[in-house]
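Chains as they are written, first to last, in my numbering: chain A, 1 to 330; chain B, 331 to 660; chain C, 661 to 990; chain D, 991 to 1320; chain E, 1321 to 1650. Scroll down for the structure; my scribbles are underneath it.
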């Protein structure tokens, strides 16, 4: 019953004087307000600012017996009682239905429907430990600060959380959206409230990071292994090569550090970068060591070390990265 | 009949009390609303956010018999019935005709015209597989969420979709704009609605990408071929050269990755970059191999390989890139 | 007669009922509206978005006999007939005189003056073929979509286009501003309208581009010529040198490509970059060729070629760049 | 008693004529206004612009005897006396409770409560000498410019400063928030006022800077020490190596300089960078000196110097950085 | 007398009908309006856009005998005569005291006070020839376009220009603020007006530029001098070294070019960069020349030149930079 109002017969829809501060059914337990949320579009999920940008259709429905005779009418929300529901998340939303249409429509028996389209950004709280193989549950919470649990209750609308077919986001797989309601403690007020929660289940597509970051990283690490194929006498070439790989890795790390906020912990990608840096640094040390051996006339030993490293380094790389990725996907 | 109102004789244009919630002709089938859209300017098409920024003139026309006696008058849209048409795309549009002119004008017989100029961004949904040789059909959809197909019908205006002569966009060829209307399922409401669709046909000019990205790429790849002309004994020079080409390619890839959103698939340009990277990496391996051969005294064989590669690599390059481009243009 | 209103004697400025939709002098040919535009500041000209950001004082003057008895009064624009003039360019302007002063002032005989200060961005349409030696005519066009040429005519005010003494723009020389009016076809409406055009004549100062782009470019190209002074035996040094120049040029090109929009054509600077790239690539090929000659024992020939190139390359460079610049300045 | 209003019986809440300019209890000393501030979210702390972006719930409570008979009513803030309290910090805040709810609610005895949610940026004044090991006390100050200390007094609400459980900020540890009030001189007015101060205690998490800046820096410095392991005869390799480390450091410094505003003093990180640069420059000079010694046949001395430096440089590095960090943490 | 209003006795503050277009004291010479400006904060000075971002408290005071009986009242600015004063600079300011407090307060004898807090950006006009050793006088000018010098006069308030103790800007030393008024020609209107000028005296702190730009520059130039210590036989090392310094300088120049707008003239920093580039280029030529001499067997001469340059280059550097800086500071 979303967004429909049978037109009233041509009659006066003029309301009598009305105390809009008094909630409907004040004597009969809490006022139930049904809530529904359609995700019409997801425009982006911003990891740095931890925000989701979207386009939402919010529906609120409740019964106000005082409006029972006004079936088919529409009223501005300031002329009737209106649920004092707030989005608890920090947000910057524009209401699209403003001007002539920020109205409720009344159906038979005083059933009141309010439909609003909200576009903008909402704070999400990301756990990025498994980045870029992460999956986030982004939750929007609604509550009424001024009405307690015995005065106001949210009720999730049946089939009230829906997702549009086509979304304008490329780097996340929006797998679904659910809605629920429960009484719980509101930490900012330190009182219990009825809280409606809309949860968007989003899994990151890691294709971009695989192709644009992890593949180049692999090539840079693989290039550092060429020092095991350069003869130990060609000492400077080896060191120059390893150092160049090293500096490229560091530049890479700087570039990628702006993809995420300034975290105080390591993501999966950070562990991968860390392992890569360690391996390239080890290759640099190996080149220094075999070069010193060669200068001291122990070339055979140097070449044996080089030979062993040709297998040990790639194996260590595969094991470390494999382990990191498997841990984070599991 | 766009944007014209014959002035009413100096008389009172005062409307009687009027139920603006009742649509005109409520008893005689759906209310027909003609829609026209003039694209006055396209300011930009943003691939990263998948948005078009434009300047649009929207015209709505319908007949309201209740206004038949008010030919030549103008009324604010809140004083008459106004079609509850919404842009379904996520958008951020400013209405330019606000203040004194957010009005409808009424002609003979209650024919009502509404003209509004809308400036801002509208979500578009790009398919970038063929980038930068792609062509996009950017569609703006209008529907009335609150009125069903038996209550409300859009009718495309004759010659109702037009394009201005001069557009402020440099990187796209806006080839035309069309308008159509049809009943179809609205996924967000799961009900059928009359949907008007304005489609802008835009083909990307690939000149910029050809000159600024593909040409430098070609030069970098071509530079990696100099290792086939350097004698195999000059082992370090070869490897240094190939590695520099490699790192330049990777830096290039990083720089260009901000042109597009974080896609989960390969565009044509990605395939070209991928092919280029493979070829440069192959040149690096070739240098390592011929260098090892030369150190082991098999210089003749090394030189033969170098000689063959002088032809094989350019040929592979031309074939791979040619195939990729031809596939994506077709 | 800009911005002056002799105060009315203390009397009632209350207007009688008035049809503000009827234009003044409706029976005596078109209504003439004088228009003036003072460019109080130019804050910037943005090549990438093709916008001018400025601060403008717009004056409109017309005669409304119905206001003849109200000399010295001021009225809000919604209480009188107001010319339905629109800026045709896409724009994002803020009116500074809002609140208490979005008013017209009436002088003797019903002469009405409206003064508004507009700040913001206006679309301009740049032809960048001669960049950075280009000069742009930036035009703002005003028209009244709803009134035809027999109903409404713009008249340029005498001395109506002026420029402030100090402007806040550093990279353009704003040489003047002119105003004119003419009847012409409005492509978006496909009807004839009276169009007022304010044209700002702006010549780009190319000092910045000369010092910050063209001079470093010249140094990079000149550095590539050192390969002609390095003996051909020092083959690797030559190639390394030429390749470094090459890669620096490519990085340079990437950096400068964000100064302009993604054009489908070559600017003068692009031609200069193109010529520079060709010459550096030629120097790389020369190094490869003389190196091969030297390895084959034909050192004398290699040195002769080097010697000739010391003169040919600088000459080619001067000729190509000189020709390009002269063509674009002419 | 935050955000609660017992509903008034269905009666007229219509106020009589009321001079809202007169403060309550004007004859009995200053008007006391209780103030509370809940930090619902901290979205970011911006060092460059010295701003905190947050989401705040502000509560004001006072007694107005003239409203004693209106317990349970709600009034728009323009219809009653409202404390003329201003945020003294520069700020750009949006009030979330606008439209229908920018109201005060009145309880028994004329106790008036006002609740507002404010979202946006507030100027903070950072002392960055110890960056990135710094801790900031971010203070928001409220005062009433138009009422002196004998007319208006702020009173901190009991338990009036609270912090939400989950905050949307990753790089700072928000340790608490306190509220206080005192009379002090207002420098802009040069008069005494009652000033309420809300102080947010924020300690920066330095993990990000440790992993992404200080670790790479350490690697770059450590790489410059390889010149002590390269034999002095390999003069060019040494110098090339030291110079590359040097240039990498300088590039690093450029990149990191945009993290902070343009300070006129050195932060802890600047001292660390400065020490690192000095050490790398010293390694470059050492390479030049030992190279010159080796060319003059004093290779033994050169190698002794190299040998000593292998220990002196790391020790100097550890001592300098350790001292810097310890000083700034203490 | 800033920002104080003794409360009026509880009486009707209702104004009689009033022609707010007529200025007070119209028969007795020009109306004097006192103006004061408190700079509550300076948030930033933006060289690129030539803007100052600040937080200002503006006070206006004048006498309106018609309000003599309303001492202690407050009126909205639209209900009284209000000075038509405009900020002439282009600006984007938000008025903080909006809603309920965009009012004037009236004291004994019709003395009217208006206090407004303005936050935002104001165009400043910088002379950057001496950058980064420059000092700017940033002027905000106010005038009344519609009232001539015989109708309206600004009078600077005694002690009317003040500065807050703590400012939120790090890179400028705000040394003071002054206010003055004078009649002068308004170039946009070509008529004389009374103009009030508020001037902020700002000296740039050059510490940031000294530490982050000039010091690295010095190191890069000093590194180019190592070519004088490398023996002339090591020809390639010398040239490679000089070229690397050269390219680093050019990259440096590119990076720093975004600190300032695109100027058509050289700043002090540009002269320093220019001198540095010339010296590094000269070092490159010296290396080419001594290398050629060495190849031709004139090693002694080459070494003599190297020896001389070890002193000449640093001396030239110190003289050039010293001269440039002294000239610009003087």
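Positions of the beta carbon are idealized from the N, C-alpha and C atoms, including for glycine. On a predicted model such as this, the values are computed, not experimentally measured, just so you know.
- By the Cβ criterion, the segment 1441-1456 of chain E is in contact with the segment 1519-1537 of chain E, since at least three pairs of Cβ atoms, one from each stretch, lie closer than 8 Å.
- Residue 487 of chain B and residue 451 of chain B have their alpha carbons spaced roughly 24 Å apart.
- Each residue's CA atom was taken as its position, placing residue 1227 of chain D and residue 1311 of chain D some 28 Å apart.
- Residue state for residue 406 of chain B is assigned as strand, using DSSP reduced to three classes.
- Residue 1216 of chain D belongs to the set of residues whose beta carbon lies under 8 Å from a beta carbon in chain A.
- For residue 974 of chain C, the enclosing alpha helix (DSSP H) starts and ends at 959-989.
- With contacts defined by Cβ atoms closer than 8 Å, residue 164 of chain A and residue 59 of chain A do not form a contacting pair.
- Among the residues facing chain B, residue 307 of chain A is not included, as its CB has no counterpart in that chain under 8 Å away.
- A direct Cα-Cα distance of roughly 7 Å separates residue 1615 of chain E from residue 1553 of chain E.
- For residue 223 of chain A, a Cβ of chain B is located within less than 8 Å of the residue's own Cβ.
- Not a single C-beta of chain D is nearer than 8 Å to the C-beta of residue 320 of chain A.
- Interface criterion met: the Cβ of residue 207 of chain A is under 8 Å from a Cβ in chain B.
- Pairwise C-beta distances place the segment 960-980 of chain C out of contact with the segment 907-922 of chain C, as fewer than three of them are shorter than 8 Å.
- Non-local beta-carbon contacts of residue 114 of chain A in its own chain, meaning distances under 6 Å to residues more than five positions away in sequence, involve 60, 104 in chain order.
- For the set C/876, C/745, C/861, C/895, the Cα lying nearest the Cα of residue 692 of chain C is the one of C/745.
- Assignment of alpha helix (DSSP H) within the segment 569-634 of chain B, counting only whole runs of 4 or more residues, yields 598-625 in chain order.
- The Cβ atoms of residue 1077 of chain D and residue 1130 of chain D lie closer than 8 Å to each other.
- When C-alpha distances from residue 498 of chain B are compared across C/873, C/771, C/750, the shortest belongs to C/750.
- Note on geometry: alpha-carbon atoms of residue 690 of chain C and residue 819 of chain C lie some 23 Å from one another.
- Interface residue (Cβ-Cβ distance to chain A less than 8 Å): residue 1231 of chain D is classified as such.
- Under a 10 Å Cβ-count criterion, residue 1165 of chain D is classified as exposed, with fewer than 16 other Cβ atoms of the shown protein chains found around its own Cβ.
- Scanning the segment 673-727 of chain C for uninterrupted beta strand (DSSP E) segments of 3 residues or longer gives 691-706, 711-723, listed from N- to C-terminal end.
- For residue 1136 of chain D, no alpha helix (DSSP H) segment is defined, and its DSSP state is neither H nor E.
- Within the same chain, no residue comes within 7 Å of residue 642 of chain B by CB-CB distance, once the 5 residues on both sides are set aside.
- Listed in chain order, the non-local C-beta contacts of residue 1036 of chain D below 8 Å within the same chain comprise 1042, 1043, 1111, local neighbours out to five positions each way being set aside.
- Taking the beta carbon of residue 125 of chain A as reference, the chain D residues within 7 Å of it are 1156, 1158, listed in sequence order.
- Within chain C, no residue has its CB atom less than 8 Å from the CB of residue 464 of chain B, the nearest being about 14 Å off.
- For the C-beta of residue 592 of chain B, the chain A residues within less than 7 Å are, from N- to C-terminus, 170, 171, 208.
- In chain order, 518 make up the part of chain B whose C-beta sits under 7 Å from the C-beta of residue 38 of chain A.
- Below the 9 Å Cβ cutoff, chain E contributes 1539, 1540, 1543 as neighbours of residue 1236 of chain D, in chain order.
- What residue 1271 of chain D touches in chain E, judged by beta-carbon distance under 9 Å, is 1539, 1542, 1543, going in chain order.
- Here residue 502 of chain B is not near residue 473 of chain B, since their CB atoms are 8 Å or more apart.
- Under the DSSP assignment, residue 1443 of chain E falls outside any alpha helix (DSSP H), being part of the beta strand (DSSP E) whose first and last residues are 1431-1443.
- A buried status is given to residue 1194 of chain D, since no fewer than 16 other beta-carbon atoms sit within 10 Å of its beta-carbon.
- Neighbourhood of residue 1285 of chain D in chain E, by CB distance below 8 Å: 1551, in chain order.
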